[in-house]
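Here the structure is laid out as structure tokens; the discussion comes afterwards.
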Amino acid sequence: TSRNRQTPIHYMGPGENVLWELTPSFASDHAFHCGADIASLSQFAAEDEVLFPPYTLLVAKRTCGPSAGAAQEPLVTKVESTLSTDSMPDGQTLGSVDARIESEGDKRYVAIKVKPHFS
Numbered sequence: 195t196s197r198n199r200q201t202p203i204h205y206m207g208p209g210e211n212v213l214w215e216l217t218p219s220f221a222s223d224h225a226f227h228c229g230a231d232i233a234s235l236s237q238f239a240a241e242d243e244v245l246f247p248p249y250t251l252l253v254a255k256r257t258c259g260p261s262a263g264a265a266q267e268p269l270v271t272k273v274e275s276t277l278s279t280d281s282m283p284d285g286q287t288l289g290s291v292d293a294r295i296e297s298e299g300d301k302r303y304v305a306i307k308v309k310p311h312f313s
């Protein structure tokens with residue numbers, strides 16, 4: 195995980211990719227939610243690496259609450275169908291999930307906003 199957005203984009207291959215945009219909570223008495231900065235220990239300090247504890251869950255943020263009684267399509271299905279559809283324009287959102295289609299050079303990806311969660 196990196197604080198520098200360009201680091202994961204640099205490592206993406208051409209074609210279909212996913213970029214997880216983490217928005218951690220502030221530190222509390224229960225957990226250190228923003229990850230541990232290990233840049234000073236890394237061989238590649240410019241990558242601004244951050245480590246999260248084992249079993250950290252990434253919870254997709256929603257842009258709006260679910261409609262009463264409405265069935266929601268699973269996020270995995272949305273990402274797979276979106277990536278395989280070249281006709282989707284950049285900036286296209288994925289329903290109620292806080293995500294959008296982006297591209298940089300030959301790299302096309304879905305940027306999904308998530309919050310680290312510790313159980």
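Taken in order, the sequence shown gives residues 195 to 313; the numbers are from the working numbering.
Ideal Cβ placement from N, Cα and C applies to all residues, glycine included.
Residue i vs residue j beta-carbon contact at 7 angstroms
i: L245; j: P310; result: no
i: W214; j: I295; result: no
i: D242; j: N198; result: yes
Residue i: first and last residue of the uninterrupted beta strand (DSSP E) it sits in
i: I306; result: K301 to H311
i: I295; result: V291 to E298
i: A233; result: Taken as a continuous stretch (DSSP letters only), A233 belongs to no beta strand (DSSP E), as it is neither H nor E.
i: A192; result: A query on residue 192 cannot be resolved here, the shown segment of the chain reaching from 195 to 313 and no further.
i: G187; result: Past the boundaries of the shown model lies residue 187; the chain is included only from 195 to 313, so the question cannot be answered.
Separation of residue j from residue i, as counted between CA atoms
i: P247; j: G229; result: 8 angstroms
i: P218; j: Y249; result: 15 angstroms
i: A233; j: T257; result: 32 angstroms
i: G299; j: L252; result: 27 angstroms
i: S297; j: S290; result: 21 angstroms
i: D223; j: S196; result: 24 angstroms
i: F220; j: P208; result: 35 angstroms
i: T279; j: R302; result: Reliability fails at T279, whose pLDDT of 48 lies under 50, so the model's placement of it is uncertain and no value is given.
i: P202; j: V212; result: 10 angstroms
i: L235; j: A293; result: 32 angstroms
Cβ separation of residue i and residue j, assumed to be a contact under 8 angstroms, to the nearest whole Å
i: V308; j: A254; result: 5 angstroms
Bounding residues of the alpha helix (DSSP H) (the contiguous stretch that carries residue i)
i: P202; result: Q200 to Y205
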